[in-house]
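Chemist:
2 protein chains.
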Amino acid sequence: MCILRKPFFFGALFPIFEFNRHSPRDTNTMQQELKENFGPLFEKALLDEILEVGTLKHIPEGVVLMDIGGYVKAMPLLISGAIKIVREDEQGDELLLYFVEKGSTCAMTLTCCLGETKSEIRALTETDTVLVMIPIEKMETWAAKYKSWRKFVFKSYHNRLNEMLATIDSIAFLKMDERLLNLLKEKARIAKDQHIRTTHQEIAFELHTSRVVVSRLLKKLENLNELTLHRNYILLKKK
Amino acid sequence: MCILRKPFFFGALFPIFEFNRHSPRDTNTMQQELKENFGPLFEKALLDEILEVGTLKHIPEGVVLMDIGGYVKAMPLLISGAIKIVREDEQGDELLLYFVEKGSTCAMTLTCCLGETKSEIRALTETDTVLVMIPIEKMETWAAKYKSWRKFVFKSYHNRLNEMLATIDSIAFLKMDERLLNLLKEKARIAKDQHIRTTHQEIAFELHTSRVVVSRLLKKLENLNELTLHRNYILLKKK
DNA sequence: ACTGTTCTGTAACCAATGTTACTGCCAGCT
DNA sequence: AGCTGGCAGTAACATTGGTTACAGAACAGT
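Chains as they are written, first to last, in our numbering: chain A, 581 to 819; chain B, 581 to 819.
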């Protein structure tokens with residue numbers, strides 16, 4: 581597969597891993613957002629600490645937050661939007677692993693934080709995203725100090741493992757047309773929009789197949805009245 | 581696929597999840613084994629606690645320790661042997677996920693312990709196995725109390741995630757003949773024996789393919805001088 | 001309107017894998 | 001020896017998915 585990927589916006593363009601002092605306006609927003617998404621999960625003291633050390637970031641769609649081989653210096657808590665987690669092999673072949681959504685975090689990042697190991701995956705924003713970055717030193721401190729934090733971290737791992745399982749099920753047990761339809765449904769759900777703005781090539785990368793195959797199967801799904809095809813977007817029918 | 585699996589020995593036959601008081605002989609053995617395998621990892625106080633509440637179990641090959649839909653009441657620490665972790669879909673189609681080896685534990689069990697959720701996978705002994713069972717209540721207690729325990733648990737999750745990644749890589753990026761050869765090498769390594777005692781059907785289940793395909797590819801590998809085929813076992817050549 | 005680019009549709013073909021069916025072989029048993 | 005059940009080998013065929021090649025449609029910029 582020698583088709584070149586369209587260029588990513590790399591994290592370097594958006595200094596998301598730097599910890600600048602945030603403005604009072606941001607602090608207020610963050611307080612509210614955090615309460616909404618993580619309030620029921622964390623105890624008051626922990627929320628305060630997060631406010632203390634966390635940095636609020638707004639990141640547009642398509643930005644690479646973490647790349648394969650990179651080291652991780654901060655941990656994201658998702659307020660809104662979604663992050664796409666992608667695996668790549670030596671030949672540059674790609675495969676979508678799963679999406680991380682709000683109220684959650686990336687367990688891969690967790691392990692990287694603890695092990696100080698290199699990332700095995702690429703993380704990039706699927707939609708516009710708001711998140712709070714936490715310096716990784718806090719990971720272990722909070723794990724000792726707060727039961728709710730431990731619960732959260734364990735739960736994140738649990739979710740990630742389950743999503744990996746779902747991915748394996750999908751690759752191992754489903755045919756390409758089923759995988760394709762599932763992906764489209766997932767994308768529509770995440771973006772809260774039945775119009776899926778993407779190209780066939782883009783989908784082919786995510787499913788690790790070829791553009792021709794995707795076009796072929798999409799046409800079949802259109803004939804089965806599951807969707808309608810357009811240039812640069814697909815309209816998924818509600819069922 | 582309507583071929584019936586050969587019957588498993590179910591856990592019920594071996595009451596591994598019950599905590600009977602162990603004999604002094606077992607306690608001594610356990611002390612030694614634990615020190616050898618987990619000594620460098622855990623602090624003294626934790627090792628003592630493990631000795632206090634853990635139960636040593638010897639389990640023969642082919643026993644189901646945990647099945648899909650079952651609840652988990654104890655957590656295993658592997659002293660020797662190997663556990664095979666298997667996924668199954670609604671149609672009863674199987675797929676080998678990975679092996680758990682000594683000095684390790686099953687992260688799936690971990691999540692089940694914490695979440696009190698049902699198991700999503702089946703765990704069964706690949707070889708004769710010795711392990712120490714820990715009541716799950718200790719999980720959270722120790723996570724708060726011992727840094728080394730937290731490290732161990734996080735590391736287990738990390739390993740499991742990486743093994744799931746490796747599995748995904750294998751299914752997504754490799755062809756069946758490569759997957760087959762990798763599986764055989766893995767089996768030889770785990771059993772420390774180049775003689776792999778299994779049937780083609782058994783392998784077919786693990787790779788989620790058909791017996792005919794396995795036979796075909798094994799024949800190809802034999803012609804490529806990677807192995808020799810025999811009834812009920814395969815001799816893998818050292819390379 | 002003209003041009004180059006990107007995206008999509010489609011045909012023809014190929015390779016890998018899955019399926020069905022049948023055969024012979026080996027081991028254990030009587 | 002003869003029978004039986006499980007295992008392995010193989011042919012023939014079907015299906016799925018991957019590859020190559022090409023054409024037309026949509027779009028952006030000039």
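Where a beta carbon is used, it is the ideal one built from N, C-alpha and C, also for glycine. None of these values were measured; they are calculated from a predicted model.
So is residue 792/A buried or exposed if we call it buried at 16+ other beta carbons inside 10 Å?
Modeler: Position 212 of the first sequence, counted from the start, is the residue given in the question as residue 792/A. With fewer than 16 Cβ atoms within 10 Å of its Cβ, residue 792/A is classed as exposed.
Chemist: If distances are taken between C-alpha atoms only, which option among 704/B, 778/B, 664/B comes closest to residue 643/B?
Modeler: Numbered from 1 along the second sequence, position 63 holds the residue referred to as residue 643/B. Nearest option by C-alpha distance: 704/B.
Chemist: What does the alpha-carbon distance come out to for the pair residue 790/B and residue 669/B?
Modeler: By one-based count along the second sequence, residue 790/B stands at place 210. By one-based count along the second sequence, residue 669/B stands at place 89. Taking the straight line joining both Cα atoms gives about 16 Å.
Chemist: Go to residue 794/A, then tell me how far its alpha helix (DSSP H) extends in each direction, as first and last residue.
Modeler: Taking the first residue of the first sequence as 1, we reach residue 794/A at position 214. Note, residue 794/A: alpha helix (DSSP H), 791 to 803.
Chemist: For a quick check, are the C-beta atoms of residue 797/A and residue 688/B less than 8 Å apart?
Modeler: Working through the first sequence from its first residue, we reach residue 797/A at position 217. Working through the second sequence from its first residue, we reach residue 688/B at position 108. No, they are not a contact pair.
Chemist: Take residue 802/A and list the residues in its own chain whose beta-carbon comes closer than 8 Å to its own, dropping the five residues that flank it on each side.
Modeler: The count along the first sequence starts at 1 and reaches residue 802/A at position 222. 808, 809.
Chemist: What is the DSSP secondary structure of residue 652/B, reduced to helix, strand or coil?
Modeler: In the second sequence, counting from the first residue as 1, residue 652/B sits at position 72. Of the three classes helix, strand and coil, the one that applies to residue 652/B here is coil, per DSSP.
Chemist: Is there a Cβ from chain B that is less than 8 Å from the Cβ of residue 742/A?
Modeler: As a working mapping, residue 742/A is identified with position 162 in the first sequence. Taking Cβ atoms only, chain B reaches closer than 8 Å to residue 742/A, which makes this a yes.
Chemist: For residue 745/B and residue 662/B, what's the separation of their Cα atoms in angstroms?
Modeler: In the second sequence, counting from the first residue as 1, residue 745/B sits at position 165. In the second sequence, counting from the first residue as 1, residue 662/B sits at position 82. In a straight line, the C-alpha of residue 745/B is about 19 Å away from that of residue 662/B.
Chemist: In three-state DSSP terms, what is residue 623/B?
Modeler: Counting from one through the second sequence, the residue named residue 623/B turns up at place 43. In the structure shown, residue 623/B sits in coil (DSSP, three-state: anything other than H, G, I, E or B).
Chemist: Counting contacts by CB-CB distance shorter than 8 Å, is residue 625/B in contact with chain A?
Modeler: Translated into the one-based positions of the second sequence, residue 625/B becomes position 45. With 8 Å as the cut-off, residue 625/B does not count as an interface residue toward chain A.
Chemist: Would you mind stating whether residue 726/B and residue 626/B have Cβ atoms separated by less than 8 Å?
Modeler: Numbered from 1 along the second sequence, position 146 holds the residue referred to as residue 726/B. Numbered from 1 along the second sequence, position 46 holds the residue referred to as residue 626/B. Contact flag set, yes.
Chemist: Going along the chain, which residues of the stretch 785 to 817 of chain A sit with their C-beta nearer than 8 Å to a C-beta in chain B?
Modeler: Answer in chain order: 788.
Chemist: How about residue 732/A: is its C-beta nearer than 8 Å to some C-beta of chain B?
Modeler: Taking the first residue of the first sequence as position 1, residue 732/A is located at position 152. It does not; no Cβ of chain B falls within 8 Å.
Chemist: Would residue 745/A count as contacting chain B if we go by Cβ distances under 8 Å?
Modeler: Position 165 of the first sequence holds residue 745/A. It does: the Cβ of residue 745/A has a partner Cβ on chain B nearer than 8 Å.
Chemist: If distances are taken between C-alpha atoms only, which option among 629/A, 619/A, 610/A, 613/A comes closest to residue 723/A?
Modeler: The count along the first sequence starts at 1 and reaches residue 723/A at position 143. Of the listed residues, the one whose Cα sits closest to residue 723/A is 629/A.
Chemist: So residue 760/A contacts chain B; which residues on that side make the cut at Cβ distance below 8 Å?
Modeler: For the purposes of this step, residue 760/A is taken as residue 180 along the first sequence, with counting starting at 1. Here the premise fails: no neighbours, minimum Cβ distance about 15 Å.
Chemist: In angstroms with no decimal places, state the Cα-to-Cα distance between residue 623/B and residue 678/B.
Modeler: Position 43 of the second sequence holds residue 623/B. Position 98 of the second sequence holds residue 678/B. The alpha-carbon atoms of residue 623/B and residue 678/B are separated by roughly 29 Å.
Chemist: Start and end of the beta strand (DSSP E) containing residue 740/B?
Modeler: Translated into positions along the second sequence, residue 740/B becomes position 160. Taken as a continuous stretch (DSSP letters only), residue 740/B belongs to no beta strand (DSSP E), being part of the alpha helix (DSSP H) at 727 to 753.
Chemist: From which residue to which residue does the alpha helix (DSSP H) around residue 765/B run?
Modeler: For this step, residue 765/B is matched to residue 185 along the second sequence. 756 to 771 is the span of the alpha helix (DSSP H), which, as asked, contains residue 765/B.
Chemist: So, does the stretch 700 to 714 of chain A touch the stretch 646 to 664 of chain A, judging by three or more C-beta pairs under 8 Å?
Modeler: Because the criterion of three Cβ pairs below 8 Å is met, the stretch 700 to 714 of chain A and the stretch 646 to 664 of chain A touch.
Chemist: Let me know the secondary structure DSSP gives residue 809/B once reduced to three states.
Modeler: Translated into the one-based positions of the second sequence, residue 809/B becomes position 229. In the structure shown, residue 809/B sits in a strand (DSSP, three-state: E or B).
Chemist: Return the chain-ordered ranges of every alpha helix (DSSP H) run that is complete within the stretch 699 to 727 of chain A and spans a minimum of 4 residues.
Modeler: Counting only runs of 4 or more, we get 717 to 725.
Chemist: Which residues in chain A have a C-beta closer than 8 Å to the C-beta of residue 679/B? List them in chain order.
Modeler: Locating residue 679/B in the second sequence gives position 99, counting from the first residue. Within 8 Å Cβ-Cβ: nothing; residue 679/B doesn't reach chain A, min ~15 Å.
Chemist: Would you report the Cα separation of residue 765/A and residue 617/B, rounded to the nearest angstrom?
Modeler: As a working mapping, residue 765/A is identified with position 185 in the first sequence. As a working mapping, residue 617/B is identified with position 37 in the second sequence. Looking at the two C-alpha atoms, the distance is approximately 47 Å.
Chemist: Of all the options 762/B, 805/B, 770/B, 811/B, which has the alpha carbon lying nearest to the alpha carbon of residue 781/B?
Modeler: Counting from 1 along the second sequence, the entry for residue 781/B is found at position 201. Among 762/B, 805/B, 770/B, 811/B, the Cα nearest to that of residue 781/B belongs to 811/B.
Chemist: Under 7 Å, CB to CB, which of the residues in the stretch 657 to 674 of chain B have a partner in chain A?
Modeler: From the stretch 657 to 674 of chain B, only 667, 669, 673 have a Cβ closer than 7 Å to chain A.
Chemist: Which term fits residue 777/A, buried or exposed, when burial requires 16 or more other beta carbons within 10 angstroms of its beta carbon?
Modeler: Residue 777/A sits at position 197 when you count from the first residue of the first sequence. Residue 777/A is exposed by the Cβ-count criterion.
Chemist: How about residue 701/A and residue 665/A: are their beta carbons less than 8 Å apart?
Modeler: On the first sequence, residue 701/A is found 121 positions in, with the first residue counted as 1. On the first sequence, residue 665/A is found 85 positions in, with the first residue counted as 1. Yes, they are a contact pair.
Chemist: What in chain A is Cβ-close to residue 751/B, meaning under 9 Å?
Modeler: Numbered from 1 along the second sequence, position 171 holds the residue referred to as residue 751/B. What residue 751/B touches in chain A: 748, 751, 752.
Chemist: Helix, strand or coil: how does DSSP classify residue 638/B here?
Modeler: Position 58 of the second sequence, counted from the first residue, corresponds to residue 638/B. Residue state, collapsed to three classes: strand.
Chemist: With the cut-off set at 8 Å, would you say residue 685/B and residue 655/B are in Cβ contact?
Modeler: Residue 685/B sits at position 105 when you count from the first residue of the second sequence. Residue 655/B sits at position 75 when you count from the first residue of the second sequence. Cβ atoms of residue 685/B and residue 655/B: closer than 8 Å.
Chemist: Which residues bound the beta strand (DSSP E) around residue 668/A?
Modeler: Within the first sequence, numbered from 1, the residue matching residue 668/A stands at position 88. Element bounds for residue 668/A: 662 to 668.
Chemist: Got a sec: is the Cβ-Cβ distance from residue 703/B to anything in chain A below 8 Å?
Modeler: Residue 703/B sits at position 123 when you count from the first residue of the second sequence. Taking Cβ atoms only, chain A never reaches closer than 8 Å to residue 703/B, which makes this a no.
Chemist: Could you check what DSSP says for residue 778/B in three-state terms: helix, strand or coil?
Modeler: By 1-based counting over the second sequence, the position of residue 778/B is 198. Coil at residue 778/B, not helix or strand.
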